[in-house]
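**Student:** Here the protein sequences come in this chain order: D and A.
Count along the first sequence from 1, then add 4; that gives the number in my numbering.
Count along the second sequence from 1, then add 22; that gives the number in my numbering.
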Amino acid sequence: MIKLVNVNKYFGNLHVLKDVNLEVKEGEKLVIIGPSGSGKSTTVRCMNFLEEPSSGEVYIDGELLTHKNKTELVRRTSAMVFQQFNLYPHMDVLRNLTLAPIKLQKKSKAEAEELAMKYLRLVGLEDKAHVYPGTLSGGQQQRVAIARALTTQQKIIIFDEPTSALDPETVQEVLDVMIRLSEENITMVVVTHEMGFAREVADRIVFMDEGRIIEEGTPEHFFTNPENERTKAFLGKILRQ
Amino acid sequence: MNSGVFAPWRWEALWNSRQEFIDAFFVTVEVSVFALILALILGITFGLFSSGNNKILKGIARVYVEFFQNTPLVLQVLFMYYGLLYAGVDLSKEQIGIIGLGVYTGAYISEVVRTGITSIPYGQTEAALSQGFTHLQAMTYIILPQSVKIALPPLVNQMVALIKNTSVLAMIAGGDLMYRSNAWASNGTLSYGPAYLTCGILFFCLCFPLTYFAKRYEQKLKNRAAASNKEVSAE
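#1: Taking the alpha carbon of Arg-99/D as the point to measure from, which residue in Gln-109/D, Lys-113/D, Glu-27/D, Asn-90/D has its own alpha carbon closest?
#2: Work out the CA separation of Leu-177/A and Gln-91/A for me, nearest whole Å.
#3: Let me see if you follow: with CB-CB separation under 8 Å, is Gly-145/A close to chain D or not?
#4: Quick check: Lys-244/A and Leu-191/A, are their CB atoms within less than 8 Å of each other?
#5: Shortest alpha-carbon distance to Thr-191/D belongs to which of Gly-31/D, Glu-233/D, Val-11/D, Lys-22/D?
#6: Please identify the residue among Phe-235/A, Tyr-103/A, Ser-152/A whose C-alpha is closest to the C-alpha of Arg-79/D.
#7: Nearest-angstrom Cα distance between Ala-83/A and Gly-124/A?
#8: Out of Gln-158/D, Thr-222/D, Gly-142/D, Gly-200/D, which has the shortest C-alpha to C-alpha gap to Arg-244/D?
#9: Measure the alpha-carbon distance for Leu-77/D versus Thr-167/D and round it to whole angstroms.
#10: Closer than 7 Å, Cβ to any Cβ of chain D: which residues of the region 160–172 of chain A, in chain order?
#11: Would you mind telling me which residues of chain A sit closer than 9 Å to Arg-79/D, beta carbon to beta carbon, in chain order?
#12: Output needed for Asn-25/D: all residues of its chain with C-beta closer than 8 Å, excluding positions within five of it in sequence on either side, in chain order.
#13: Looking at the unbroken beta strand (DSSP E) that takes in Asp-23/D, where does it start and where does it end?
#14: Would the beta-carbon of Ser-42/D fall within 8 Å of that of Gly-215/D?
#15: Would you say Ala-83/A reaches chain D, if we count a Cβ-Cβ gap shorter than 8 Å as a contact?
#16: Count the other C-beta atoms from every protein chain shown that fall within 10 angstroms of the C-beta of Ala-256/A, then say buried if there are 16 or more, exposed otherwise.
#17: Could you tell me which of Leu-21/D, Gln-145/D, Arg-49/D, Lys-29/D sits nearest to Arg-208/D, measuring between CA atoms?
#18: Taking 8 Å as the threshold (beta carbon to beta carbon), is Glu-240/A in contact with chain D?
#19: Any beta carbon from chain A within less than 8 Å of Val-24/D's own beta carbon?
#20: Excluding sequence positions up to five away, which residues of its chain have a Cβ less than 7 Å from the Cβ of Met-193/A?
#21: Does DSSP put Glu-61/D in a helix, in a strand, or in coil?
#22: Using a Cβ cut-off of 9 Å, pull out every chain D residue sitting near Glu-148/A, in sequence order please.
#23: Mapping DSSP to helix, strand and coil, what is Thr-81/D?
#24: What does DSSP give as the partner residues of Leu-54/D in its beta bridges?
#25: Taking Gly-145/A as the reference, give the member of Glu-177/D, Gln-144/D, Leu-54/D with the closest Cα.
#26: Express the C-alpha separation of Ile-185/A and Val-53/A in angstroms, rounding to a whole number.
#27: Report the three-state DSSP secondary structure of Tyr-136/D (helix, strand or coil).
#28: Would you please verify whether the beta carbon of Thr-156/D is less than 8 Å from any beta carbon of chain A?
#29: Should Ala-169/D and Val-85/D be called a contact, given that it needs their Cβ atoms to be closer than 8 Å?
#30: Taking the alpha-carbon of Gly-128/D as reference, which of Ala-237/D, Arg-147/D, Thr-139/D has the nearest alpha-carbon?
#31: Just to confirm, is the Cβ distance from Val-51/A to Leu-219/A under 8 Å?
#32: Considering only the beta carbon of each residue, do Ala-183/A and Val-134/A sit closer than 8 Å?
#33: Using the beta-carbon of each residue, which ones in chain E are nearer than 9 Å to Leu-108/D?
#34: Taking Cβ-Cβ distances shorter than 7 Å, what residues in chain A pair up with His-94/D?
#35: Does any C-beta atom of chain A lie closer than 8 Å to the C-beta of Leu-103/D?
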């Protein structure tokens with residue numbers, strides 16, 4: 005479904021992705037873990053060309069993603085949930101959800117709103133349809149952002165550290181929504197530090213460090229007998245907390 | 023005869039020439055309106071250029087802004103006036119005023135637009151792009167509507183400055199309010215007092231409503247935000 009082939013990315017002189025090869029299969033729940041600065045976010049941002057690789061290829065459904073076709077290809081395949089939510093503050097919640105379906109997918113207002121309400125119910129915020137994002141808590145905003153991603157009904161949803169900017173007490177409400185989502189047939193790519201979530205939801209976990217994929221495998225593999233020393237050190241540190 | 027600066031007979035003389043002032047007032051209004059339209063077009067265009075990713079467009083915008091911000095408006099207008107005269111281009115003084123003021127104010131508005139755009143967190147653009155909006159659509163639906171709130175007060179300042187700057191047309195005998203007030207007084211009764219005071223009042227009448235309504239609009243936006251906050255805490 006998404007395939008990265010020998011992807012390299014430089015920010016100036018900084019080599020942040022080094023020959024990354026990764027394939028995400030349809031319906032798969034892929035979780036990417038690793039220390040800060042390891043290239044996790046850049047990897048997933050290459051999947052929708054928010055970052056364009058310095059070299060290497062990205063394929064979506066077998067189609068090569070290029071600077072030229074990125075808008076069109078992204079429009080019909082993926083949605084993203086950001087660390088900082090990035091809701092549109094000048095629109096109410098409902099409008100946040102319906103903007104892209106109406107403007108890009110040419111849905112009628114009624115149709116888009118019906119969909120939006122369905123997904124707001126799914127994230128438990130149907131009573132917030134007409135308030136502005138600035139009045140919601142962080143956890144609520146992120147749930148709205150997830151509903152916004154769902155309302156575009158894409159096959160792939162990319163989560164870039166969705167709980168890292170949240171207060172500890174609201175992390176779980178967002179994770180609960182994501183766990184509920186994982187039961188659907190949506191392809192999920194999730195960058196996270198939440199090991200409990202990774203363990204429960206992931207079909208496959210990828211560990212990255214210093215711009216490279218170090219190890220990948222099932223949750224059992226990772227949490228019972230990781231092979232690489234760096235993986236062990238990372239998991240040891242993060243699980244002890 | 024009473025020779026005081028504001029002697030009653032001077033006011034009488036001005037009243038008798040009122041049509042001249044009314045005409046001049048409308049020349050100033052006309053030049054202001056058209057110059058403002060030109061300035062907004064240039065300002066938004068170059069503002070988008072300078073906040074975008076294209077290095078060439080960015081460079082062009084930079085040169086434009088720096089050139090017109092760092093040379094006097096009077097010099098620009100005079101230069102255009104004599105330059106065009108020599109080049110044999112036949113433009114009226116009002117047209118020269120419109121172009122000169124429009125291009126000059128456009129440089130300032132471009133900076134206002136750039137600041138407005140860059141003050142919106144980049145995450146907003148990224149969210150729009152990740153949904154499949156083009157850069158232009160992201161600007162139209164997401165960024166510019168948010169920038170308006172930030173850009174409005176400085177934008178109105180620029181509009182007011184533009185109206186006041188129509189007075190440089192007096193340097194090329196432009197038929198504007200400043201020029202005609204001065205000309206009327208110096209060619210006739212030397213009634214500078216009433217002429218300048220009237221001129222000033224007319225400028226004030228043009229500019230004050232703008233600043234007033236801009237303040238009202240700002241307040242309205244603030245109240246609206248406060249109201250939606252209250253709505254939530256009441257729940």
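All C-beta atoms, glycine included, are put in the ideal place defined by N, C-alpha and C.
**Tutor:** Considering the structure as presented:
#1: The shortest Cα separation from Arg-99/D among Gln-109/D, Lys-113/D, Glu-27/D, Asn-90/D belongs to Lys-113/D.
#2: About 16 Å.
#3: Yes, Gly-145/A lies at the interface with chain D (some Cβ there is under 8 Å from its Cβ).
#4: Their beta carbons are not under 8 Å apart, which means Lys-244/A does not touch Leu-191/A by this criterion.
#5: Of Gly-31/D, Glu-233/D, Val-11/D, Lys-22/D, the residue nearest in Cα terms is Gly-31/D.
#6: Closest option to Arg-79/D, judged by alpha-carbon separation, among Phe-235/A, Tyr-103/A, Ser-152/A: Ser-152/A.
#7: Computed Cα separation, rounded: 15 Å.
#8: Comparing Cα positions, the closest option is Gly-200/D.
#9: Cα to Cα, Leu-77/D sits roughly 27 Å from Thr-167/D.
#10: Residues are counted here when their Cβ sits less than 7 Å from a Cβ of chain D; for the region 160–172 of chain A these are Tyr-163, Ile-164, Pro-167, Gln-168, given in chain order.
#11: Chain A residues near Arg-79/D: Gln-153, Gly-154, Phe-155.
#12: In its chain, beyond the 5 residues on either side, Leu-8, Val-9, Asn-10, Val-11, Ile-217 have a beta carbon closer than 8 Å to the beta carbon of Asn-25/D.
#13: Counting along the chain, the beta strand (DSSP E) containing Asp-23/D begins and ends at 18–28.
#14: Their beta carbons are under 8 Å apart, which means Ser-42/D touches Gly-215/D by this criterion.
#15: Under the Cβ criterion of 8 Å, Ala-83/A is not counted among the residues facing chain D.
#16: For Ala-256/A, the predicted structure reports a pLDDT of 47, less than 50, and the residue's modelled location is therefore unreliable. The matter cannot be settled from this model.
#17: Across the set Leu-21/D, Gln-145/D, Arg-49/D, Lys-29/D, the C-alpha of Lys-29/D shows the shortest separation from the C-alpha of Arg-208/D.
#18: Chain D contact via Cβ: absent.
#19: It does not; no Cβ of chain A falls within 8 Å.
#20: Contacts found: Val-96, Val-99, Leu-100.
#21: Looking at Glu-61/D - three-state DSSP - the assignment turns out to be strand.
#22: Per Cβ cutoff of 9 Å: Arg-49, Leu-54, Met-84, Phe-86, Asn-90.
#23: Three-state result, Thr-81/D: coil.
#24: DSSP links Leu-54/D through a beta bridge to no other residue.
#25: Here the closest residue by C-alpha is Leu-54/D.
#26: Cα-Cα distance, rounded: 8 Å.
#27: Looking at Tyr-136/D - three-state DSSP - the assignment turns out to be coil, as it is neither helix nor strand.
#28: True, the Cβ-Cβ gap to chain A drops below 8 Å.
#29: No, the pair does not count as a contact, with Cβ atoms beyond the cut-off.
#30: Checking every option, the nearest Cα to that of Gly-128/D belongs to Arg-147/D.
#31: 8 Å or more divides the Cβ of Val-51/A from the Cβ of Leu-219/A.
#32: No; because the gap between Cβ atoms is not below 8 Å, this pair is not in contact.
#33: Of the chains in the structure shown, none is chain E; the protein chains are D and A.
#34: In chain order: Pro-167, Gln-168.
#35: A Cβ of chain A is located within less than 8 Å of the beta carbon of Leu-103/D.
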